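In our numbering, the protein residues as written are 18 to 104.
Take a look at the structure below.
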């Protein structure tokens with residue numbers, strides 16, 4: 018999506034390790050929100066996290082500078098949850 022960027026780091030994880038999502042303020046770079054989930058159905062988990070983030074302005078408001086983060090695009094629309102195509 019234009020004007021956005023993301024960093025995805027993946028490696029083989031142990032069963033007890035979790036997935037972590039962190040948003041940073043676009044104005045002052047303070048951490049805005051952090052969510053950790055267990056391994057499993059990543060598509061459903063990401064959808065739930067994004068829906069909660071988008072639904073609550075308090076979650077999108079930076080505690081450091083007061084900037085209100087715009088609603089985040091749903092992961093499905095970005096296409097990063099799609100399985101790679103086999104060649």
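Glycine included, C-beta positions come from ideal geometry on N, C-alpha and C.
None of the values given here were measured: they were computed from a predicted structure.
Outcome for residue i when other beta-carbon atoms lying within 10 angstroms are tallied against a minimum of 16
i, result
"residue 82", "exposed"
"residue 24", "exposed"
"residue 42", "buried"
"residue 65", "exposed"
"residue 18", "Model confidence at residue 18 stands at a pLDDT of 49, short of 50, so the residue's coordinates are unreliable; what they give is reported in the following sentence. Exposed, since its Cβ has fewer than 16 Cβ neighbours within 10 Å."
CB contact check: residue i to chain C, cutoff 9 Å
i, result
"residue 23", "Going by chain labels, chain C is absent from the structure shown, which holds only one protein chain."
Boundaries of the beta strand (DSSP E) in which residue i is found, first to last residue
i, result
"residue 52", "48-55"
"residue 41", "35-41"
Reference residue i, options the options, closest by Cα
i, options, result
"residue 59", "48, 38, 70 and 51", "38"
"residue 35", "85, 47, 87 and 51", "51"
"residue 80", "62, 27, 88 and 40", "40"
"residue 84", "46, 33 and 29", "46"
"residue 68", "89, 48 and 49", "89"
Residue interval of the alpha helix (DSSP H) (run including residue i)
i, result
"residue 70", "59-72"
Cβ-heavy atom distance, residue i to the ligand GDP, below 8 Å
i, result
"residue 61", "With respect to the ligand GDP, the structure offers nothing, as it holds no ligand at all."
Whether or not the stretch 71-82 and the stretch 51-63 are in contact is what I'm after, with contact meaning three or more pairs of Cβ atoms, one per stretch, closer than 8 Å; do they touch? no
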